[in-house]
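Numbering (the numbering used here), first residue to last: 219 to 479.
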C-alpha cells in the first residue's frame, strides 16, 4: 500500500508560508514603528500634518497581521481534519505521528519563530500605547489651526490679488483708449508748445518793457519841446513881472500845469 503524506506536508508548507507572511508583517510593523517615531518627532517640531494617517496605517497593519495569524490557525485545524481522515484510510504511522505533532503544535502554541514575530507586534503595540496621544492630538490641533489661518490669509491675499488685477486691466484699458494712446508723443508735443509759448511770452514782455520806456522818453521829449515853445511865446506875449514863465509838467502831480516865478 502506497503512502501519501501530502496533507501534512501541505500543512507544513502553509505554516511556513504563514511564518513568512508574519515575518513580512512584523518587518512592515517595524517600518511603521520607525515611521511613527519619525512622525512623532515631526509633530514635536511643529511640522507633522499626516500623523493621523500614519497611526491609522499602523493600526491597519496590526489588524492585518492578527487576521493572518487567525487564518493560518484555522487552516491548520482544517488540515488536521484531513490528516485524521487519511489516517483512517491506512496511512503510515509516521504520517499519523507528524499529524499528532502538528496538532499539538497548533494546540499548545506557535513555534519560537512565530512567537518572536508576535512579540515584535506586541512591542509595536506597546510603543504606540506609550505615546502621549493627548499631547500629540493637541499639537495636531494647533498645527491644523495654524494651517486654517494660513489658508484664510491665502484666500484674502488671493482676493486682493484678483482686485489688483482688475485695477490693472482697467488702467490698461484707459492707456489703450484715444485719450491716453501715444501719451508720450502727446506729452512731448505739449512740452514743446508750452516752451514755445513761454519763450513768446518772455519776448512779448521784453518788447512791452522796451515800448513803454520808448513811449516815456518820447513823451518827455515832446513835453520838453512844448514847454520850450510855451516859454518863448510867454516871453513874447507877457510883459508882467509877477509870472516868469509857465510850463507843462508830466507825472503824477495833481495839476497839469505849473507856474514858476
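Ideal Cβ placement from N, Cα and C applies to all residues, glycine included.
Being a predicted model, the structure only gives us computed values, none of them experimental.
C-alpha distance - residue i paired with residue j, whole-angstrom precision
i: residue 240; j: residue 249; result: 14 Å
i: residue 441; j: residue 452; result: 16 Å
i: residue 456; j: residue 464; result: 11 Å
i: residue 380; j: residue 337; result: 59 Å
i: residue 415; j: residue 423; result: 12 Å
i: residue 359; j: residue 353; result: 10 Å
i: residue 376; j: residue 369; result: 10 Å
i: residue 388; j: residue 374; result: 21 Å
i: residue 386; j: residue 409; result: 28 Å
i: residue 393; j: residue 434; result: 55 Å
i: residue 482; j: residue 420; result: Summary: the structure shown does not reach residue 482, with the chain confined to residues 219 through 479, and so no result is reported for it.
i: residue 438; j: residue 446; result: 12 Å
i: residue 344; j: residue 278; result: 16 Å
i: residue 384; j: residue 361; result: 34 Å
i: residue 390; j: residue 378; result: 18 Å
i: residue 406; j: residue 413; result: 11 Å
i: residue 397; j: residue 371; result: 39 Å
i: residue 365; j: residue 382; result: 25 Å
i: residue 431; j: residue 468; result: 15 Å
i: residue 443; j: residue 418; result: 37 Å
i: residue 449; j: residue 429; result: 30 Å
i: residue 399; j: residue 411; result: 19 Å
i: residue 466; j: residue 436; result: 15 Å
i: residue 178; j: residue 395; result: Examination of residue 178 is not possible in this model, given that the chain is present from 219 through 479 alone.
i: residue 282; j: residue 340; result: 14 Å
i: residue 342; j: residue 231; result: 28 Å
Residue i in three-state terms, based on DSSP
i: residue 386; result: helix
i: residue 456; result: coil
i: residue 406; result: helix
i: residue 435; result: helix
i: residue 425; result: helix
i: residue 234; result: helix
i: residue 399; result: coil
i: residue 394; result: coil
i: residue 449; result: helix
i: residue 470; result: Legend: pLDDT at residue 470 = 47, less than 50; position of this residue unreliable, value from coordinates given subsequently. Note: residue 470 maps to coil in three-state DSSP.
i: residue 264; result: No answer about residue 264 holds up, because its pLDDT of 49 lies below 50 and its placement is not dependable.
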